[in-house]
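J.:
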Amino acid sequence: MTTARDLMIVAIDTPSTPPVERGDLSLALAGAELIDLIGAESLTLDGHHILPGLPPPIDDRLLREAASSLVRQAPYESVEDWLWRRGRGLAAAYLAALEAEALVTRPHARRVLRDDPPTVADSAARRRAADRWTSREPVLAGLAAAAGIGEQPSDDQIDELADDQVVTVLAAVNDAVMELEAVRQRRAIEDAAFDNLWRGV
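Numbered per this note's numbering, the sequence shown spans residues 26 to 226.
(1) Do residue 91 and residue 111 have their C-beta atoms within less than 8 Å of each other?
(2) If you run the structure through DSSP and keep just helix, strand and coil, what is residue 163?
(3) Who are the Cβ neighbours of residue 35 in its own chain at under 6 Å, not counting the five residues just before and after it?
(4) What are the residues that DSSP puts in a beta bridge with residue 74?
(5) Do three or more CB pairs link the region 112-123 to the region 48-55 at distances below 8 Å?
(6) Excluding the 5 residues preceding and the 5 following residue 145 in the sequence, name in chain order all residues of the same chain whose CB lies nearer than 6 Å to its CB.
(7) How big is the Cα-Cα spacing for residue 70 and residue 87?
(8) Is the beta carbon of residue 197 sitting closer than 8 Å to the one on residue 64?
(9) Leaving out five residues before and five after residue 192 in sequence, what residues of the same chain have Cβ atoms less than 6 Å from its Cβ?
(10) If you run the structure through DSSP and keep just helix, strand and coil, what is residue 35?
(11) Given residue 201, which residues of its chain have a CB within under 6 Å of its CB, disregarding the five upstream and five downstream residues?
(12) Starting from the C-beta of residue 85, find all residues in its chain whose C-beta is less than 6 Å away, skip the five residues before and the five after it, and write them out in chain order.
(13) So which of 46, 156, 142, 72 has the shortest CA-CA distance to residue 102?
(14) Would residue 62 be called buried (16 or more neighbouring beta carbons within 10 Å of its own) or exposed?
(15) Using 10 angstroms around the beta-carbon of residue 126, count the other beta-carbons present and answer buried if the total reaches 16, otherwise exposed.
(16) Would you check if the distance between the CB atom of residue 29 and the CB atom of residue 68 is smaller than 8 Å?
(17) Counting along the chain, where does the alpha helix (DSSP H) carrying residue 47 start and finish?
(18) If you follow the alpha helix (DSSP H) that residue 89 is part of, which residue opens it and which one closes it?
(19) Grab me the residues of residue 244's own chain with a C-beta within less than 6 Å of its C-beta, minus the 5 sequence neighbours each way, in chain order.
(20) So, using beta-carbon positions, are residue 120 and residue 143 closer together than 8 Å?
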C-alpha cells in the first residue's frame, strides 16, 4: 500500500463536515504520490523542482504511472505544476482502483444512485490506513488536513519530519488547496453577481 491509497481510504472512512472537496483530495493525493516517490528514491527535489530518478520498486499501478509521467528533461517541473497536472481527476482514479480490488464497495440496493457514498471493506489495507491515521502519523495527517479531514499536525509533529523535501511537498499541497478555494470563492461571487444582474437586483 502507498500513502495515496491510505489517504483515499481515510477520506472515505472518516466523516468530514463540510464534505471533502474532490479537487482538494486530488491535490493531496498527488502530493502523497510525490512523497512516496521521494521515499522510494525515484525522485529528488532541487528547491521546488522535481528531478526524476529510477522507477519505484513498488508494485502499485498508479504510483508507477505517476513516476512514468515525471518530466525528465530540463527545465524540470515544479512541485506546484505537478500537483495541478497530476491531480486532475486523481481522486476518481484512486476510487476506481480501490473498487476494482474490492477494497471499497458501494451499497447493493436495487436502485443505487450514482452518488451513493462508497464504504471501505474490512481488510488489511483498511487496518493499515487506520493505524497510520489514529497514530497521527504526520505525513498522512498533514495531507488529510490539507484535503479537509481532521486537524493539521502540530509543530512538534512536523519537526519530526527529518526530510525537508517532504515538508516542501506538504507546504505546496496546502498552498494549492488554498488557491483552489480562492478560485471557488471568486467563481461563487461572479455567479452571484451574474444572477443578481439577470434578476435586475
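Quick reminder that beta carbons are idealized off the backbone N, C-alpha and C, glycines included. No experiment lies behind these values; they were computed from the predicted model shown.
T.: Quick answer:
(1) Cβ distance < 8 Å, so residue 91 and residue 111 count as in contact.
(2) Three-state DSSP puts residue 163 in a helix.
(3) Short of 6 Å from the beta carbon of residue 35, and not among the five residues preceding or following it, lie these beta carbons of its own chain, in chain order: 154, 158, 169.
(4) Bridge partners of residue 74: 71, 103.
(5) Contact check between the region 112-123 and the region 48-55: three or more CB pairs, one atom from each, fall below 8 Å, which counts as touching.
(6) 34, 37, 38, 129, 151, listed in sequence order.
(7) Between the alpha carbons of residue 70 and residue 87 lies a gap of roughly 21 Å.
(8) One thing to note: residue 197 has its Cβ no nearer than 8 Å to the Cβ of residue 64.
(9) Contacts found: 186.
(10) If DSSP states are grouped into helix, strand and coil, residue 35 belongs with the helices.
(11) Residues 52, 108 of the same chain have their beta carbon placed closer than 6 Å to that of residue 201, with the five preceding and five following residues left out of the count.
(12) If we look at residue 85 and ignore the five residues flanking it on each side, its Cβ neighbours are 27.
(13) In this structure, 72 is the residue among 46, 156, 142, 72 with its C-alpha nearest to the C-alpha of residue 102.
(14) Under this definition residue 62 is a buried residue.
(15) The residue in question, residue 126, is exposed, as its Cβ has fewer than 16 Cβ neighbours within 10 Å.
(16) For residue 29 and residue 68, no; Cβs fall outside 8 Å.
(17) Segment 47-64, the alpha helix (DSSP H) holding residue 47.
(18) Per DSSP, residue 89 belongs to the alpha helix (DSSP H) from 86-93.
(19) Residue 244 cannot be examined here, being either before or after the span of the chain that is shown, 26 to 226.
(20) Cβ atoms of residue 120 and residue 143: closer than 8 Å.
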